[in-house]
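Have a look at the structure below before the remarks.
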Amino acid sequence: MTKPSAPLKKKPAPRKPAAPPQAAAAFDKAAPEMNALERDALIPINIDIPRAVSQVLGVLPGLLALRPLIAERLPTHDAGLVDRLETYALAAWYAHLAWLSSGGSQSGLKPLLEEAAPLRANLLGDAEALARRGLVDAETVADIRAGNGHMDTASDLVALSALFSGSWSEIAGKTAATEDEVRRAGELGPELLAALGVREHGAAPGP
């Protein structure tokens, strides 16, 4: 008799990034460290910031649980970096939104909203179908479904993009969602959030 196959190890699910006020507070908290950096220490950005932020926030609980082991096994490593990882992620998110709202994003709010609503609905429907099959995390999908309002729509697009892209090798060919839709959601979410920040707070999103 063959042994049943071991269950697949559950991947950490991406989390929605914080709204601009919380991200702005994280940026302010990280500012002294950023200001202390030498110019030579800076490198060009070569990652998708919204997706990276969402994925970092998703793995953070598991990483924090390993903090004692990290401190023990890597004594020369600053374990405080683990403690500050959420602050760094949200600060990066805020800096990205501030750049978009200062001129990186020229699109008006109305067309962004008109594109965002159906894209969120389609990807969310696809995600719910995948969750019923056990192919993506059902709790994450339910959390996205619970969002309402324009701010949540923007954050939901980022979370959906990270959810799909992080599992694409497992779900490709099993969903109606396309890679172009997933990529566009990752772009549109920050653009919409930045435009909403401009409307509410002026040139950069914040409190």
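In case it helps, full-length UniProt numbering puts the sequence shown at residues 1 to 207.
Every residue gets a Cβ at the ideal spot worked out from N, C-alpha and C, and that includes glycine.
Put simply, the backbone Cα of M151 is about 37 Å away from that of H77. Collapsing the DSSP output to three states places A25 in a helix.
Membership of L90 in the alpha helix (DSSP H) is indicated by the continuous run L85 to W99. For the pair L74 and D28, the Cα-to-Cα distance works out to about 29 Å.
Contact check for L157 and L119: beta-carbon distance about 7 Å, within the 8 Å limit, so the pair qualifies. The shortest CA-to-CA distance from E139 to any of E38, G58, P21 and A26 is the one to G58.
Taking the Cα positions, L123 is about 42 Å away from E72. Comparing alpha carbon positions, the residue from G62, G125, A91 and A25 closest to L160 is G125. Straight-line measurement puts the Cα of E33 at about 29 Å from the Cα of L192. Around the Cβ of T178, a 10 Å sphere holds fewer than 16 other Cβ atoms; the residue is exposed.
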